[in-house]
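K.L.:
Number of protein chains: 2
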Amino acid sequence: MHDVARLAGVSAKTVSNVINGYPHVREATRAKVQLAIDKLGYELNVTARNLRLGRTGLITLALPELKLPYFAEFADEAIRAAEARGLRVLIEQTNADRARELAVLHGVRRVMTDGLIFSPLALGPDDIRLFQVDFPLVLLGERVFGSGNDHVAVDNVAGARAATQHLIEGGRRRIAVVGSHPDEPVGAPALRERGYREALAGAGIAVDEALIRPGQAWHMSVGAQLTDELIASGVAFDAVFALNDALALGVLHSLHQHRIKVPAQVAVIGFDDVEESAYVRPTLSSVSPGREQIATTAIDLLLQRIAESPGTPAGERAPARRVLAEFSLVPRQSSGAR
Amino acid sequence: MHDVARLAGVSAKTVSNVINGYPHVREATRAKVQLAIDKLGYELNVTARNLRLGRTGLITLALPELKLPYFAEFADEAIRAAEARGLRVLIEQTNADRARELAVLHGVRRVMTDGLIFSPLALGPDDIRLFQVDFPLVLLGERVFGSGNDHVAVDNVAGARAATQHLIEGGRRRIAVVGSHPDEPVGAPALRERGYREALAGAGIAVDEALIRPGQAWHMSVGAQLTDELIASGVAFDAVFALNDALALGVLHSLHQHRIKVPAQVAVIGFDDVEESAYVRPTLSSVSPGREQIATTAIDLLLQRIAESPGTPAGERAPARRVLAEFSLVPRQSSGAR
Numbered sequence: 001m002h003d004v005a006r007l008a009g010v011s012a013k014t015v016s017n018v019i020n021g022y023p024h025v026r027e028a029t030r031a032k033v034q035l036a037i038d039k040l041g042y043e044l045n046v047t048a049r050n051l052r053l054g055r056t057g058l059i060t061l062a063l064p065e066l067k068l069p070y071f072a073e074f075a076d077e078a079i080r081a082a083e084a085r086g087l088r089v090l091i092e093q094t095n096a097d098r099a100r101e102l103a104v105l106h107g108v109r110r111v112m113t114d115g116l117i118f119s120p121l122a123l124g125p126d127d128i129r130l131f132q133v134d135f136p137l138v139l140l141g142e143r144v145f146g147s148g149n150d151h152v153a154v155d156n157v158a159g160a161r162a163a164t165q166h167l168i169e170g171g172r173r174r175i176a177v178v179g180s181h182p183d184e185p186v187g188a189p190a191l192r193e194r195g196y197r198e199a200l201a202g203a204g205i206a207v208d209e210a211l212i213r214p215g216q217a218w219h220m221s222v223g224a225q226l227t228d229e230l231i232a233s234g235v236a237f238d239a240v241f242a243l244n245d246a247l248a249l250g251v252l253h254s255l256h257q258h259r260i261k262v263p264a265q266v267a268v269i270g271f272d273d274v275e276e277s278a279y280v281r282p283t284l285s286s287v288s289p290g291r292e293q294i295a296t297t298a299i300d301l302l303l304q305r306i307a308e309s310p311g312t313p314a315g316e317r318a319p320a321r322r323v324l325a326e327f328s329l330v331p332r333q334s335s336g337a338r
Numbered sequence: 001m002h003d004v005a006r007l008a009g010v011s012a013k014t015v016s017n018v019i020n021g022y023p024h025v026r027e028a029t030r031a032k033v034q035l036a037i038d039k040l041g042y043e044l045n046v047t048a049r050n051l052r053l054g055r056t057g058l059i060t061l062a063l064p065e066l067k068l069p070y071f072a073e074f075a076d077e078a079i080r081a082a083e084a085r086g087l088r089v090l091i092e093q094t095n096a097d098r099a100r101e102l103a104v105l106h107g108v109r110r111v112m113t114d115g116l117i118f119s120p121l122a123l124g125p126d127d128i129r130l131f132q133v134d135f136p137l138v139l140l141g142e143r144v145f146g147s148g149n150d151h152v153a154v155d156n157v158a159g160a161r162a163a164t165q166h167l168i169e170g171g172r173r174r175i176a177v178v179g180s181h182p183d184e185p186v187g188a189p190a191l192r193e194r195g196y197r198e199a200l201a202g203a204g205i206a207v208d209e210a211l212i213r214p215g216q217a218w219h220m221s222v223g224a225q226l227t228d229e230l231i232a233s234g235v236a237f238d239a240v241f242a243l244n245d246a247l248a249l250g251v252l253h254s255l256h257q258h259r260i261k262v263p264a265q266v267a268v269i270g271f272d273d274v275e276e277s278a279y280v281r282p283t284l285s286s287v288s289p290g291r292e293q294i295a296t297t298a299i300d301l302l303l304q305r306i307a308e309s310p311g312t313p314a315g316e317r318a319p320a321r322r323v324l325a326e327f328s329l330v331p332r333q334s335s336g337a338r
């Protein structure tokens, strides 16, 4: 009763009046108290069920870097989806470091959580056996396929193809790519570059390799620096496909500093559709990757694994599922949309 | 040995060779193996110590909203600082909701973590007794003072005064404020508005209340909308102090849409110095609040409380400490800096 009163912001006497059906209580107060009772009851139920099942109600979300807007917005979505299902989220930041990513999977710190949602950036296809773990795991991203885990991914190839086609439809032919990872055959950079190449091939435009600019970290500073270098190289270009929005914000910054007009001289499109895209100048065209769908799907798949594990023999478990989220093209001023 | 091999990315045989001092091992390989041994040893030590002391090695960081860039960057700093000290961070997102904030302090979910770093936005000075808890707690923000807890805060008044003085020194006299909370006597909005008023008073400029625009959520969309309304109201202004950078990005967006030149016609300054500030157009002047200092100080204060709790009688505990972080003014193009 004390807890209910505290949560509802009323006195214990008022709570008692509501519970006993005393008539002289305002309807708004009664509703507040009822809400607090429901909420505490729900929490107690969840906690009791977790205890009974030997669970903690905690899941781990392992991401490369929280201050990249894409991952911050993704974490926000995932926390909301988890909370709606009575779960709390422990965030591990790996900084795309191999040792940290291994520790997420196998370190002694992987205790006390019921399952893991993991977006690896350093581990790759050579590490598939490391992902064959005995706890509930849902993978995100494009680094590791075929490991037998549930997997939720952005439709990178189709999204990048749509972005590039959008630029081509706007009359662009010399489309630069900013942020490629030429030494990595797998991962989002390779898939987005593939979408770009497919779109060019589809339009009968030859690829000029001088237009594809490698850049490891997908940060604003890198996007600005790569664009500075592209301009300094003297290669002609009339559009830039930045492989994420953070890079694209750096591209816009560099173009403006060089007094190159967007979109009149150079059209720009990014990928991720972070909130800033709608507010920068010019507003940034982008590809919305289906962030909310990815977050809720990952949580739901993990919950199903948690429900069947660890009692279920391997042969009776649901087969691994792979979900590609639905993307959408978001044209804005930077590619000539109004 | 298996774990070390996995972490180092070498075979178990190689690990054995290194451990036995076998000479024909490359120096780089030897270093990798030694690093893995050190790392695993450290983790095991931390885990063993936690078990011995009845601790989990987990702390909770409760924040209003992770997708606001300020909090995302803050969480990034806090996770780094915590990891450097062997702690993992559980993030609770409150959405500035009173019931969620109460649950952070008193809900049944507050289990399994050694301590709490909490930035409340809904609870306030009337709730001081709710903060008198029996677990290690460090408060952030400006809502609750005098609760007897350790507290780390932004120097809001001085930072806002410096921002406003900077605009006045640039010759501005009609300085609008975007994002005030007139109904809240406490909190960052009130303190930043106070700094604004102090700067105007110091320069002998009368406050025009029509220039102070209330706005609850400090989001980009709100900054844009408040600026639209300010322009529509017909009130003359030659500068805007947006109470955070997200609002300021919206202000820049609205001014540009109304073809008002920044800084020629209207100078703009924000608060927080988020990464985007250096990349938007024009680049955004801001106040850097000392985010890294706040994060590391909060973690260090919490660790000290964890070390003394719960065995230490109240009378023997260290007195509550209050730390105001050092801010710095960051002039950029939006206020006329080069």
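Line by line, the protein sequences give chains S and B.
The UniProt record's numbering applies: residue 1 is where the first sequence begins, and numbers increase by one.
The UniProt record's numbering applies: residue 1 is where the second sequence begins, and numbers increase by one.
From the three backbone atoms N, C-alpha and C, an ideal C-beta is built for every residue, glycine too.
#1: Could you give the distance in angstroms between the alpha-carbon of LEU58 (chain S) and the alpha-carbon of ALA267 (chain S)?
#2: In whole angstroms, what separates the C-alpha of PRO214 (chain B) from that of TYR279 (chain B)?
#3: Alpha carbon to alpha carbon, what distance is there between HIS106 (chain S) and ASP3 (chain B)?
#4: How would you write the range of the beta strand (DSSP E) that PHE241 (chain B) sits in, first residue to last?
#5: Quick one, are the C-beta atoms of ASN244 (chain S) and GLY179 (chain S) less than 8 Å apart?
#6: Check each candidate in B:HIS256, B:PRO282, B:GLN165 and B:GLU308 and name the one with the smallest Cα separation from PHE241 (chain B).
#7: Here's a check: name, in chain order, each residue in its chain whose Cβ is nearer than 6 Å to the Cβ of LYS32 (chain B), leaving out the five neighbours to either side.
#8: Just grab the DSSP bridge partners of ASP150 (chain B) for me.
#9: ASP155 (chain S) and ALA298 (chain S) - do their beta-carbons sit closer together than 8 Å?
#10: Measure how close the beta-carbons of VAL104 (chain S) and LEU302 (chain S) come, nearest whole angstrom, since I'm counting them as under 8 Å.
#11: If the criterion is Cβ atoms closer than 8 Å, does the pair THR289 (chain S) and ASP272 (chain S) meet it?
#12: Anything in chain B within Cβ reach of LEU130 (chain S), meaning under 8 Å, just list it in chain order.
#13: Taking the C-alpha atoms as reference points, what is the distance between LEU230 (chain B) and GLU83 (chain B)?
#14: When you compare each of S:VAL330, S:SER254 and S:ARG161 to ALA232 (chain S) by their alpha carbons, which one comes out closest?
#15: Which residues in the same chain as SER285 (chain S) place their Cβ atom closer than 6 Å to its Cβ, once the five residues preceding and following it in sequence are excluded?
#16: If you follow the beta strand (DSSP E) that LEU63 (chain S) is part of, which residue opens it and which one closes it?
#17: For a cutoff of 8 Å on Cβ pairs, would you count LYS67 (chain S) as touching chain B?
#18: Cβ closer than 9 Å: which chain B residues qualify as neighbours of GLN93 (chain S)?
#19: Take every Cβ of the stretch 165–177 of chain B, pair it with every Cβ of the stretch 200–214 of chain B, and state whether three or more of those distances are shorter than 8 Å.
#20: What in chain B is Cβ-close to PHE224 (chain S), meaning under 8 Å?
#21: With H, G and I counted as helix, E and B as strand and the rest as coil, what does DSSP make of PRO214 (chain S)?
#22: Which residues in the same chain as ARG161 (chain B) place their Cβ atom closer than 6 Å to its Cβ, once the five residues preceding and following it in sequence are excluded?
#23: Identify every residue that forms a DSSP beta bridge with ALA176 (chain B).
#24: How long is the line joining the alpha carbons of ASP134 (chain S) and ILE306 (chain S), rounded to whole angstroms?
#25: If you draw a straight line from the C-alpha of SER16 (chain S) to the C-alpha of LEU130 (chain B), how long is it?
#26: Write down the C-beta distance between ARG291 (chain S) and PHE74 (chain S) rounded to the nearest angstrom, noting that I regard them as a contact closer than 8 Å.
#27: Would ASP3 (chain B) count as contacting chain S if we go by Cβ distances under 8 Å?
#28: Let me check one thing: in DSSP terms, what residues is ARG88 (chain B) bridge-paired to?
#29: Tell whether a beta-carbon distance below 8 Å holds between ARG172 (chain B) and LEU211 (chain B).
#30: Any beta carbon of chain B sitting closer than 8 Å to that of LEU123 (chain S)?
#31: Hey, which unbroken runs of the alpha helix (DSSP H) at 4 residues or more fall wholly within the stretch 258–323 of chain S?
#32: Measure the Cβ-Cβ separation of ILE91 (chain B) and ILE91 (chain S) and say whether it is below 8 Å.
#33: Kindly indicate the opening and closing residues of the beta strand (DSSP E) around LEU66 (chain B).
#34: When the Cα atoms are used, what is the spatial distance from TRP218 (chain B) to LEU140 (chain B)?
#35: Against residue 370 (chain S), what residues of chain B qualify as contacts under a CB-to-CB distance less than 9 Å, listed in chain order?
#36: For residue 357 (chain B), which residues in chain S fall below 8 Å Cβ to Cβ?
P.N.:
Working from what's here:
#1: 45 Å
#2: 27 Å
#3: 8 Å
#4: 239–242
#5: Their beta carbons are under 8 Å apart, which means ASN244 (chain S) touches GLY179 (chain S) by this criterion.
#6: Of B:HIS256, B:PRO282, B:GLN165 and B:GLU308, the residue nearest in Cα terms is B:GLN165.
#7: Excluding positions up to five away in sequence, the list reads ALA8.
#8: B:VAL138
#9: no
#10: Actually they do not touch by this definition, with Cβ atoms about 14 Å apart.
#11: According to the sequence as given, residue 289 (chain S) is Pro; it is not Thr. Less than 8 Å divides the Cβ of PRO289 (chain S) from the Cβ of ASP272 (chain S).
#12: ARG6
#13: 45 Å
#14: S:SER254
#15: ILE269, PRO331, ARG332, SER334 and SER335
#16: 58–63
#17: yes
#18: ALA75, ASP76, ILE79, ARG80, GLU83 and VAL89
#19: yes
#20: Inspection of the sequence shows that residue 224 (chain S) is occupied by Ala rather than by Phe. Under the 8 Å cutoff, chain B gives TYR279.
#21: strand
#22: Excluding residues within five positions, the ones whose Cβ falls inside 6 Å are GLY195, GLU198 and ALA199.
#23: B:VAL240
#24: 11 Å
#25: Whole-angstrom Cα-Cα distance: 21 Å.
#26: 6 Å
#27: yes
#28: B:LEU58
#29: no
#30: no
#31: 291–308
#32: yes
#33: Per DSSP, LEU66 (chain B) lies in no beta strand (DSSP E) and is assigned neither H nor E.
#34: For TRP218 (chain B) and LEU140 (chain B), the gap between their C-alpha atoms comes out near 17 Å.
#35: The structure shown does not extend to residue 370 (chain S), since chain S is modelled only from 1 to 338, so the question has no answer here.
#36: The displayed coordinates of chain B run from 1 to 338. Any statement about residue 357 (chain B) would go beyond what the structure contains.
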